[in-house]
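Enquirer:
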Amino acid sequence: MNFTEVKNKAESYKADMTKFLRDLIEIPGESCDEEKTVLRIKEEMEKVGFDKVEIDPQGNVLGYMGTGGTLIAYDAHIDTVGVGNLDNWEFDPYEGYETEEEIGGRGASDQLGGIVSSVYGAKIMKDLNLIDGYTVLVTGTVQEEDCDGLCWQYIINEDKVRPEFVVITEPTNGNIYRGQRGRMEIRVDVAGVSCHGSAPERGSNAIYKMAEILKEVEALNDKLHYDEFLGKGTLAVSEIFFTSPSRCAVADSCAISIDRRLTDGETYLSALEEIRDLPAVKKHNAVVSMYKYDRPAYTGLVYETDCYFPTWVLPEEHDATKAMVKAYEGMYGTPKVDKWTFSTNGVSIMGREEIPCIGFGPGKEEEAHAPNEKTWKADLVKCAAVYAALPTMYVK
Numbered sequence: 001m002n003f004t005e006v007k008n009k010a011e012s013y014k015a016d017m018t019k020f021l022r023d024l025i026e027i028p029g030e031s032c033d034e035e036k037t038v039l040r041i042k043e044e045m046e047k048v049g050f051d052k053v054e055i056d057p058q059g060n061v062l063g064y065m066g067t068g069g070t071l072i073a074y075d076a077h078i079d080t081v082g083v084g085n086l087d088n089w090e091f092d093p094y095e096g097y098e099t100e101e102e103i104g105g106r107g108a109s110d111q112l113g114g115i116v117s118s119v120y121g122a123k124i125m126k127d128l129n130l131i132d133g134y135t136v137l138v139t140g141t142v143q144e145e146d147c148d149g150l151c152w153q154y155i156i157n158e159d160k161v162r163p164e165f166v167v168i169t170e171p172t173n174g175n176i177y178r179g180q181r182g183r184m185e186i187r188v189d190v191a192g193v194s195c196h197g198s199a200p201e202r203g204s205n206a207i208y209k210m211a212e213i214l215k216e217v218e219a220l221n222d223k224l225h226y227d228e229f230l231g232k233g234t235l236a237v238s239e240i241f242f243t244s245p246s247r248c249a250v251a252d253s254c255a256i257s258i259d260r261r262l263t264d265g266e267t268y269l270s271a272l273e274e275i276r277d278l279p280a281v282k283k284h285n286a287v288v289s290m291y292k293y294d295r296p297a298y299t300g301l302v303y304e305t306d307c308y309f310p311t312w313v314l315p316e317e318h319d320a321t322k323a324m325v326k327a328y329e330g331m332y333g334t335p336k337v338d339k340w341t342f343s344t345n346g347v348s349i350m351g352r353e354e355i356p357c358i359g360f361g362p363g364k365e366e367e368a369h370a371p372n373e374k375t376w377k378a379d380l381v382k383c384a385a386v387y388a389a390l391p392t393m394y395v396k
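Numbering (my numbering), first residue to last: 1 to 396.
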């Protein structure tokens, strides 16, 4: 492979990629409201010469380039989070901004840049006649910010698409990532008995019961499993709810939500049992459960799932890891191979379905969900070039 030719071709598309990304940033597209973003991506795919472009019933856009027997996918979720408090932004998050080096706006790093580099990576493959022996699938997937991996549960199980491996194009700070901690959303409910607040001894205060549970949950965080590569499992109480007949009454129910991050070796069953085994949970007959997700996609489709997002790790010696490293080394030197701090669609692709995933994407993790979000034009170019070179490194 002529790596210099690939690099030069990617550089020649910098202006096109910049315009495409700025167009996407202009379109508000939070989870379950991505239709306009999807249509803009479909338009770009058709413009650059994808062989087939379709939108599935869930609303994901799937673009195919080539007709070879090995299917390699590049995934980019194309929903974004909201903008939060506008006072924290130094510019309009949807109008964005552009300098010689940067592009700013909501979704710039997380992770509209990923779909931009993927689309143009596939175009470079076609331009340079690199599509031989494989088919490339570029997916712009929905609802990831709400329920990571739900889109790929649908693509694999309902669209019946099963790639040989998938490139996750979430931001990687210029590195190659081969895994992440999983996560799950746990709920703990405890019941009480209400009474008039002037005589609290007549009732059973659910908030006091939960206070005992909260102390033990906090202490549990320090005892969770540690993995040498992914680090320690963690938990954090993220929400608390209660019911009471009035402000002058004892609370008759209390519930908490727990954001549980799972390291390698932990499962949803083990995480639930850890909570159920807490002395205060047993003492107060608390109910420990896992949340479900059933919010309709922008198409109206409901595809219910448990809020469990499994851990995944791709070995360093796996062919997909080695191919990504070779593609990078051919143009940009020796990469750092690491892991994500946050979660990605890999929780379903590899965590549930055991399809290998490898990560490389434009932008920085720390830009995700932050005000004044930005990415770098050089990242768009670099990722498009590496994406274009990767399949040849893998197939040959």
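From the three backbone atoms N, C-alpha and C, an ideal C-beta is built for every residue, glycine too.
How would you write the range of the alpha helix (DSSP H) that L272 sits in, first residue to last?
Expert: Run containing L272: 268-276, per the alpha helix (DSSP H) assignment.
Enquirer: Would you mind sorting D148 into buried or exposed? The rule is 16 or more other CB atoms within 10 Å of its CB.
Expert: Buried, because 16 or more other Cβ atoms sit within 10 Å of the Cβ of D148.
Enquirer: Pick helix, strand or coil for R22, following the three-state DSSP scheme.
Expert: It is helical.
Enquirer: Just checking, does the segment 28-35 make contact with the segment 72-88 on the three C-beta pairs under 8 Å criterion?
Expert: Counting Cβ pairs under 8 Å, three or more are found: they touch.
Enquirer: With the cut-off set at 8 Å, would you say D110 and A368 are in Cβ contact?
Expert: It is a contact, given that the beta carbons lie within the stated cut-off.
Enquirer: How many Å lie between R276 and A385 at the Cα?
Expert: The straight-line gap from Cα to Cα measures roughly 49 Å.
Enquirer: P371 to F91, Cα distance in whole Å?
Expert: Computed Cα separation, rounded: 9 Å.
Enquirer: Determine contact between the segment 244-256 and the segment 136-152, defined as no fewer than three beta-carbon pairs at a distance below 8 Å.
Expert: These segments do not touch.
Enquirer: Go through its chain and collect everything with a Cβ distance to Y332's Cβ below 7 Å, but skip five positions before and after it.
Expert: Contacts found: K382.
Enquirer: Assess contact between the segment 14-28 and the segment 50-66, defined as three or more Cβ pairs (one per stretch) separated by less than 8 Å. Is contact present?
Expert: Contact fails: fewer than three Cβ-Cβ distances are below 8 Å.
Enquirer: In the DSSP assignment, find the beta strand (DSSP E) that holds R295 and state where it starts and stops.
Expert: First-last for R295: undefined, no H or E at that position.
Enquirer: For F469, is the classification buried or exposed, using 16 other Cβ atoms within 10 angstroms of its Cβ as the cut-off for buried?
Expert: Lying before the first or after the last residue shown, residue 469 is absent from the chain, which here runs from 1 to 396.
Enquirer: Kindly indicate which residue of K160, G84, T4 has the alpha-carbon position closest to the one of P93.
Expert: Checked all of K160, G84, T4; the closest Cα to P93 is G84.
Enquirer: Tell me which residue opens and which closes the alpha helix (DSSP H) that D127 is part of.
Expert: Element bounds for D127: 113-127.
Enquirer: Could you pull the DSSP bridge partners for V250 from this structure?
Expert: In the DSSP output, where bridge partners are listed per residue, V250 has none listed.
Enquirer: Identify whether K364 lies in helix, strand or coil by the three-state DSSP scheme.
Expert: Reduced to three states, the DSSP call for K364 is coil.
Enquirer: Here's a check: name, in chain order, each residue in its chain whose Cβ is nearer than 7 Å to the Cβ of E239, leaving out the five neighbours to either side.
Expert: Here the set comprises I256, S257.
Enquirer: In three-state terms, what does DSSP make of C195?
Expert: In the structure shown, C195 sits in coil (DSSP, three-state: anything other than H, G, I, E or B).
Enquirer: For N173 and P245, I'd like the C-alpha separation in whole angstroms.
Expert: Taking the straight line from one Cα to the other gives about 51 Å.
Enquirer: What does the alpha-carbon distance come out to for the pair F241 and K215?
Expert: Each residue's Cα considered, the two are about 16 Å apart.
Enquirer: According to the neighbour-count rule (16 or more other Cβ atoms, all chains shown, within 10 Å of its Cβ), is G113 buried or exposed?
Expert: Its Cβ being crowded by 16 or more others within 10 Å, G113 is buried.
Enquirer: Out of E228, R181, L380, P163, state which residue places its alpha-carbon closest to the alpha-carbon of V119.
Expert: Of the candidates E228, R181, L380, P163, the one whose C-alpha sits nearest the C-alpha of V119 is L380.
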